[in-house]
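Notes follow the structure.
Numbering (my numbering), first residue to last: 6 to 141.
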């Protein structure tokens with residue numbers, strides 16, 4: 006119950022963050038110790054006074070709490086890029102894979118899909134590290 010309460014408090018806080026467009030808890034089952042939430046947030050690639058390069062990232066978090074720990078899963082990651090011009094829709098599976106995001110030699114990230122991959126992994130790492138630190 007304690008792990009569930011800690012995780013739920015943080016996810017509730019996340020849903021109110023300023024970079025969230027539409028975020029909500031969709032599964033809240035304290036008896037089964039399960040939480041699920043959907044997020045719709047902005048990932049900013051570059052921001053300057055004359056240019057803002059960003060994408061909308063949508064994803065789901067699922068949390069199962071058990072025996073003093075939590076198993077967190079991030080899934081269904083999608084992007085909407087250049088929303089105000091000619092919107093492009095991507096899924097993480099098709100867009101940030103090694104095939105799409107790395108050069109032919111596999112030694113560096115490509116400019117467009119690589120920036121999505123980098124920011125997505127940074128966000129995932131931030132969230133998972135945050136959950137880990139909350140539960141220590």
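No residue lacks a Cβ here, since even glycine has one placed at the ideal position from N, Cα and C.
Check, Outcome
"Fully enclosed by the segment 44-69, which alpha helix (DSSP H) runs are 4 residues long or longer?", "none"
"Taking the Cβ atom as the reference point for each residue, do residue 12 and residue 68 lie within a distance shorter than 8 Å?", "yes"
"For residue 81, name the three-state secondary structure that DSSP assigns.", "strand"
"Count the other CB atoms, across all protein chains shown, that sit within 10 Å of the CB of residue 133; report buried if there are 16 or more and exposed otherwise.", "exposed"
"Give the single residue among 55, 87 and 77 whose Cα lies nearest to the Cα of residue 130.", "77"
"By alpha-carbon positions, which one of 10, 135 and 138 ends up nearest to residue 70?", "10"
"Locate the beta strand (DSSP E) running through residue 32, then write down its first and last residues.", "29-34"
"So who's on the other strand from residue 94, going by DSSP bridges?", "85"
"Identify the residues that DSSP records as bridge partners of residue 106: which are they?", "Its beta-bridge partners do not exist; DSSP assigns none."
"Rank 102, 22, 109 and 92 by C-alpha distance to the C-alpha of residue 59 and give the top, closest one.", "92"
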